[in-house]
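One structure below.
Numbering (the numbering used here), first residue to last: -11 to 124.
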């Protein structure tokens, strides 16, 4: 029984410390996502591609395809009116430290959910995966 209590205590300390760390990085993650939303509303997808996404993202998706895709998203849902952050989590994966976060957006033409996976690169968080889902 004593071993179980020690294991639970250690797990609680580890998880608690991890959650405190995750909340501490939230402002820098939000800085990246807020920048994404700001440049999305301006249809400045070139800036998003060159400054906010990771090298892995750019290697997997050529700029012209990204630009076409983002223009289609914008044409479908329009400008952002309201943003609410939802579920989030921090993980260590083969690409390094990642932060997954979900947002619910009310846009001019439709509502949508965005799923981001950001990866820590130096002092910045870069978008590794962007997955928008329009609510029908």
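Glycine is no exception: its CB is placed at the ideal position from the N, C-alpha and C atoms.
message: What does the alpha-carbon distance come out to for the pair residue 101 and residue 122?
response: 6 angstroms
message: Let's test the definition: count the other Cβ atoms within 10 Å of the Cβ of residue 78 and tell me whether it reaches 16, buried, or not, exposed.
response: buried
- prompt: Do the segment 46 to 66 and the segment 75 to 89 meet, that is, are 3 or more Cβ pairs less than 8 angstroms apart?
  reply: no
Rounded C-alpha distance that separates residue 22 from residue 71: 10 angstroms
- prompt: What are the complete alpha helix (DSSP H) segments, minimum 4 residues, inside the segment 24 to 94?
  reply: 43 to 48, 51 to 65
message: If contacts are defined as beta-carbon pairs under 8 angstroms, then residue 89 and residue 17 qualify, I think. What distance do you get, rounded to the angstrom?
response: 6 angstroms
- prompt: Three-state secondary structure (DSSP) at residue 96?
  reply: coil
C-alpha gap between residue 40 and residue 96, whole angstroms: 24 angstroms
- prompt: Which residue comes first and which comes last in the beta strand (DSSP E) that contains residue 111?
  reply: Segment: none, residue 111 is in no beta strand (DSSP E) and carries neither H nor E.
query: Can you round the beta-carbon distance between residue 106 and residue 86 to whole angstroms, since I take them to be within the 8 angstroms contact cut?
result: 7 angstroms
Whole-number beta carbon distance between residue 62 and residue 31, since they are thought to touch under 8 angstroms: 6 angstroms
- prompt: Apart from the five residues just before and just after residue 69, which ones in its own chain have a Cβ nearer than 7 angstroms to its Cβ?
  reply: 94, 95, 96
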